[in-house]
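Visitor: Residue numbers (my numbering), protein chains in the order written: chain A, 1 to 112; chain B, 113 to 225. For every residue, glycine included, the Cβ atom is placed at its ideal position computed from N, Cα and C.
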């Protein structure tokens, strides 16, 4: 079955690193995604990783994938107040690249 | 390049009515997917269209339907609205190549009273 779980809330201080964690259950996942949602807006694609990769870095963002434990994390370096938002982890399956299963989202609050 | 455009941004309807939401994908994107977002259920997949054909469908009642036109624009329709249909409806498009992620629009906020 498909299930993606995330912690609901994370609070950090500006300048610190943030780490948002996600676990998924379907071992046939092909791509894993991180999306950001600000109030009143849609989903903004942050980054994604193919399931045969361990790590991907994109500027302040680092994605780590532990396929054995089905664990995905997103690290945001030098977190800014503008990073405050809800972050969603999502997985897609080989049968449907456009069919994503999302976690419930992690609300990141960055305080000055 | 323009992003995914959804219209209208906000809608207020009464129980029992029907509603049509519109989505224009990113130019060159042929796959369009629809998702429903509610506080209780989170983000749930409704359906996906590619080349004017529904390719995948989520677990929603038949009151939810959609279609895609030859220019890849898509509409979704909800008939006999219920209070529980109040949600943010998000459209996403992709090129449908293996490494093509979904790009979402800003959504249509539907309120059913």
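1) Give the straight-line distance between the Cα atoms of residue 102 of chain A and residue 189 of chain B, rounded to the nearest whole angstrom.
2) Per DSSP, what kind of secondary structure is residue 214 of chain B in: helix, strand or coil?
3) Looking at the structure shown, is residue 79 of chain A part of a helix, part of a strand, or coil, going by DSSP?
4) Compare the beta carbon distance of residue 201 of chain B and residue 155 of chain B with 8 Å and say whether it is the shorter of the two.
5) Report yes or no: is there a C-beta of chain B within less than 8 Å of the C-beta of residue 41 of chain A?
6) Which bits of chain A does residue 213 of chain B rub up against, with CB to CB less than 8 Å?
7) By the criterion of Cβ-Cβ separation under 7 Å, what are the contact partners of residue 216 of chain B in chain A?
8) Do residue 145 of chain B and residue 7 of chain A have their C-beta atoms within less than 8 Å of each other?
9) Given that a residue counts as buried once 16 or more other Cβ atoms are within 10 Å of its Cβ, and exposed if not, what is residue 71 of chain A?
10) What three-state label does DSSP hand residue 197 of chain B in the structure shown?
11) Give the list of continuous beta strand (DSSP E) stretches no shorter than 3 residues that lie fully inside the segment 7-32 of chain A.
12) For chain B, is any of its Cβ atoms less than 8 Å away from the one on residue 1 of chain A?
13) For residue 118 of chain B, count the other beta carbons within 10 Å of its own beta carbon; 16 or more makes it buried, fewer makes it exposed. Which is it?
14) Between residue 171 of chain B and residue 158 of chain B, what straight-line distance do the alpha-carbon atoms span, to the nearest angstrom?
15) Is residue 1 of chain A helix, strand or coil by DSSP?
Guide: Let me lay it out:
1) 23 Å
2) In this structure, residue 214 of chain B counts as coil in the three-state DSSP scheme.
3) coil
4) no
5) yes
6) 31, 33, 45, 48
7) 42, 43
8) It is not a contact, given that the beta carbons lie outside the stated cut-off.
9) exposed
10) helix
11) Fully enclosed beta strand (DSSP E) runs of 3 or longer: 9-13, 18-24.
12) Confidence at residue 1 of chain A is low in this model, with a pLDDT of 49, below 50, so its placement is unreliable and the value that follows should be read with caution. Not an interface residue.
13) buried
14) 7 Å
15) Here the model assigns residue 1 of chain A a pLDDT of 49, short of 50, so the residue's position is not dependable, and the following value carries that caveat. Note: residue 1 of chain A maps to coil in three-state DSSP.
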